[in-house]
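Peer 1: Before we start, here is the structure in question, set down as structure tokens.
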Amino acid sequence: MAANDGRDEGWFVEWRGIRVAELTDRRWEDMFWDSYRCTLLTEQPDLVQALQSSGWDPREVTFRTRITDQPAPHAFASHPPRDGRVTVRSLYVSFDLTWRERAFLLLFRLGLVK
Numbered sequence: 001m002a003a004n005d006g007r008d009e010g011w012f013v014e015w016r017g018i019r020v021a022e023l024t025d026r027r028w029e030d031m032f033w034d035s036y037r038c039t040l041l042t043e044q045p046d047l048v049q050a051l052q053s054s055g056w057d058p059r060e061v062t063f064r065t066r067i068t069d070q071p072a073p074h075a076f077a078s079h080p081p082r083d084g085r086v087t088v089r090s091l092y093v094s095f096d097l098t099w100r101e102r103a104f105l106l107l108f109r110l111g112l113v114k
């Protein structure tokens, strides 16, 4: 998770506090935008309808990393899922790191440690 701030581990989508979908298979789309395969975790008709319509209001949707369950506070989707994918911006978690953790992360990203 440290290598890309949670982007590749996948995300859960919560709508009004209810976990309703899972995002996997990240693809880079454009500067600052990534798309993910969106798999619904519910069959409740009202939730499915909300997610397939314009129900992706950032005030009602929370994205949480599957690894630590931390929210991505600034993430928002450009549109509801289309063809099983959703495009999202700012989907990452931030960490307060010590200087040693930052040094390790740099070495990890450079491939000097595993």
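Residue 100 in full-length UniProt numbering sits at position 100 of the sequence shown, with consecutive numbering throughout.
Note that CB positions come from ideal geometry on N, CA and C, so glycine has one too.
Keep in mind the model is a prediction, meaning the values are calculated, not measured.
#1: Quick one: Cα of residue 68 to Cα of residue 11, how far?
#2: Alpha helix (DSSP H) containing residue 110: first to last residue?
#3: Is DSSP giving residue 76 helix, strand or coil here?
#4: Determine which residues share a DSSP beta bridge with residue 14 and list them.
#5: Given this structure, state the Cα-to-Cα distance separating residue 65 from residue 99, to the nearest angstrom.
#6: Just checking my contact of residue 39 with residue 24 at CB under 8 Å: how many whole Å lie between their CB atoms?
#7: Looking only at its chain, what residues have a beta carbon closer than 8 Å to the beta carbon of residue 37, apart from the 5 residues adjacent to it on each side?
Peer 2: A quick look at the data gives this:
#1: If you number the sequence shown from 1, residue 68 lands on position 68. If you number the sequence shown from 1, residue 11 lands on position 11. Their backbone Cα atoms lie some 10 Å apart in a straight line.
#2: What you label residue 110 is simply residue 110 of the sequence shown in a count that begins at 1. Counting along the chain, residue 110 falls outside any alpha helix (DSSP H), and DSSP gives it neither H nor E.
#3: As a first step, residue 76 is located in the sequence shown; it is residue number 76 there, counting from the start. Reduced to three states, the DSSP call for residue 76 is strand.
#4: Numbered from its first residue, the sequence shown carries residue 14 at position 14. Paired residue(s): 19, 62.
#5: Along the sequence shown, one-based indexing puts residue 65 at 65. Along the sequence shown, one-based indexing puts residue 99 at 99. Going from the Cα of residue 65 to the Cα of residue 99 covers about 24 Å.
#6: In the sequence shown, the residue the question calls residue 39 occupies position 39. In the sequence shown, the residue the question calls residue 24 occupies position 24. Yes, residue 39 and residue 24 are in contact; Cβ-Cβ is about 7 Å, under 8 Å.
#7: Residue mapping note: residue 37 aligns to position 37 of the sequence shown, counting from 1. Contacts found: 23, 24, 25, 84, 85.
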